[in-house]
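Chains as they are written, first to last, in this note's numbering: chain A, 1 to 178; chain B, 1001 to 1251.
Backbone N, C-alpha and C fix where the C-beta goes; we use that ideal spot for every residue, glycine too.
One structure is given here, and the rest of the page talks about it.
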Amino acid sequence: MAYEDTKFEVFKQDKEDRPHEAVGTVHAPDEEIALQHARDVFARRPDCHNLWVIAEKDILKRTIQEIDQLIVNDSDAPEQTYLVCVKTGKRRAMTYVKHIGEVTANSHEAALKEALHKFNHKKNVYVWWVFPQTAVTQNDDEDIDILFTPGLQKAYRQPNQYHTVMPMRRIVHEEETA
Amino acid sequence: MDNITTQHLANKLLAMADDELILAHRDSEWTGHAPILEEDIAFANIAQDELGHANIWYELRQALTAEEPNQVVYFRDLAGYRNAQIVELPKGDWAFSMLRQYFFDMLEQVRLPTLMNSSYKPLADAATKIRAEEIYHLRHTYTWLKRLGLGTEESNRRLQNALNELWPYAAQMFVPVAGEYSLVAADIVPAPTAVEAAWREQVEPFLTSIDLTIPANWPTQRPARSEHTKHLATLLADLQEVARFDPQANW
């Protein structure tokens, strides 16, 4: 490829009172296009109130096994707000990394350590993500009607609603017995 | 509405629907071939939106003429098509398809606000429904054109070539259909000359701002919408082949 795309994690908030959840990734040259791609790939039909895109390089991801080796170096960087997200439970399908709150810290590692302390009541956490609030690009509230509302007015069919399985079986059967 | 106005409005709706249908078909040719997977999905989305808009206009026309949209699309011969030539041109390179889409999105952008106030209520309601999606389309093409125009020497050159080729065709989008001025007088649709002026007022400064040179000639002599390039025949053969293979098939 002639140019390098950045990989962005996409967080989707279904409704205003729901937490943001990591739904997947998009590749894009910058945040603006990443947000457009996120809308097209993850929010064209389903409920959506807000999208975040965060460059993957700005996210510190650690499993519970990796946290033992967490090294927090002294830093004189200024403190800032970090967002904390966790994945709970071991099921592979339909479990998402969810936004649970914020901490203040001066590095990713310090933020994760602070998160472990602040959210130690959380049970069954298998994965922790932290990233600075400044790394988040999100859609404007006034975009909701443009980005997410039109799709809700449209009917769409799940693959199993096309009634193709039985006719295809019949065709195959006819060919086999011909 | 009297019979003659009904006929004029049916003409106008057919031109609007055919534009959307043929553009949707050309856009859909990028499916599986766009620069990256995410853009493939995005542009396929847009193609599908335009197809949905075509269906809305065909259905409005059906209420006036009783002609069923699938019949109109799949079993009408080339001579009956009223799309502008710009939408039937082959998809070209990415710059060409993005610029064409932008031209069409901007046509919608300047036309829909007036249509939303149309004295023909079904048309006003449909325009209101379509408007939000078109704002999103325009945002998508803006984003791409900025990057192509201001990107590299090659991306700017390709976009300039697309502009040189598309500019004369763009002018034909504003050619009125038979009886269109009676619809304007009845406040059903905006005046084509006003739409054209508003379109150029938006498009020209934007293209200049992304380092493109506007071609010198804006054609005043333009073919009617009944005239087509050689490309429409191959497009319709592709579009209509399956439906005509088995007209009785149940979808």
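Chain A places a beta carbon closer than 9 angstroms to that of residue 1135(B), counting this residue as a contact.
In chain order, 1047, 1050, 1051, 1054 place their CB closer than 7 angstroms to the CB of residue 1024(B), counting only its own chain and leaving out the 5 sequence neighbours on each side. Residue contact with chain B for residue 22(A): absent (no Cβ-Cβ distance below 9 angstroms to any residue of chain B).
Residue 1149(B): member of the alpha helix (DSSP H) spanning 1121-1149, first to last residue. For residue 9(A), the enclosing beta strand (DSSP E) begins and ends at 6-13.
Residue 128(A) sits in a strand when the DSSP states are folded into three classes. In this chain, the alpha helix (DSSP H) harbouring residue 1007(B) covers 1003-1028. Membership of residue 50(A) in the beta strand (DSSP E) is indicated by the continuous run 50-55. Residue 28(A): member of the beta strand (DSSP E) spanning 21-28, first to last residue. If you draw a straight line from the Cα of residue 28(A) to the Cα of residue 35(A), it comes to about 9 angstroms.
Rounded to whole angstroms, the separation of the alpha carbons of residue 75(A) and residue 145(A) is 43 angstroms.
Looking at the backbone, the Cα of residue 1095(B) and that of residue 178(A) are separated by about 51 angstroms. Residue 1184(B) places its beta carbon less than 9 angstroms from that of residue 1192(B). Between residue 1125(B) and the set 1112(B), 1135(B), 1136(B), 1137(B), the nearest pair of CA atoms involves 1112(B). Taking a Cβ-Cβ threshold of 7 angstroms, none of the residues of chain A is close to residue 1010(B); the smallest such distance is about 26 angstroms. Cβ proximity to chain A below 7 angstroms picks out 1036, 1038, 1041, 1042, 1045 from the region 1021-1048 of chain B. As summarised for the region 1047-1131 of chain B, there are no continuous beta strand (DSSP E) elements at least 3 residues long confined to that stretch. Check the Cα spacing between residue 1021(B) and each of 1005(B), 1189(B), 1039(B), 1082(B): the tightest is with 1082(B).
Interface flag for residue 55(A) against chain B is unset, since no Cβ pair is found closer than 9 angstroms. Only 145, 146, 147, 149, 150, 153, 154 from the region 138-159 of chain A bring a Cβ to less than 8 angstroms from some Cβ of chain B. Contact holds between the region 31-45 of chain A and the region 3-14 of chain A, because three or more Cβ pairs, one in each stretch, are under 8 angstroms apart. Residue 1169(B): member of the alpha helix (DSSP H) spanning 1153-1172, first to last residue. Those residues of the region 1119-1146 of chain B placed with their C-beta closer than 8 angstroms to a C-beta in chain A are 1129, 1132, 1133, 1135, 1136, 1139, 1140, 1143, ordered along the chain. Taking the CA atoms as reference points, residue 1030(B) sits about 7 angstroms from residue 1040(B). Measuring C-alpha to C-alpha distances from residue 1142(B) to each of 1210(B), 1018(B), 1078(B) identifies 1210(B) as the nearest.
Residue environment for residue 1245(B): exposed (fewer than 16 other C-beta atoms within 10 angstroms of its C-beta).
Here residue 85(A) is not near residue 72(A), since their CB atoms are 9 angstroms or more apart.
Take residue 1035(B), set aside five residues on each side of it, and the residues of its chain with a beta-carbon closer than 7 angstroms to its own are 1094, in chain order.
Per DSSP, residue 156(A) lies in no alpha helix (DSSP H) and is assigned neither H nor E.
When secondary structure is reduced to three states using DSSP, residue 1227(B) falls in the coil class, being assigned neither helix nor strand. For residue 177(A), no beta strand (DSSP E) run applies; the uninterrupted alpha helix (DSSP H) run containing it begins and ends at 165-177, by DSSP. 32, 33, 36, 37, 40, 41, 44: these are the residues of the region 31-45 of chain A whose beta carbon lies less than 7 angstroms from some beta carbon of chain B, given in chain order.
The shortest CA-to-CA distance from residue 1232(B) to any of 1177(B), 1090(B), 1069(B) is the one to 1090(B). Within the same chain, 59, 61, 85, 97 come within 6 angstroms of residue 129(A) by CB-CB distance, once the 5 residues on both sides are set aside. Around residue 1205(B), the same chain offers no residue with a beta carbon nearer than 6 angstroms, after the five sequence neighbours per side are excluded.
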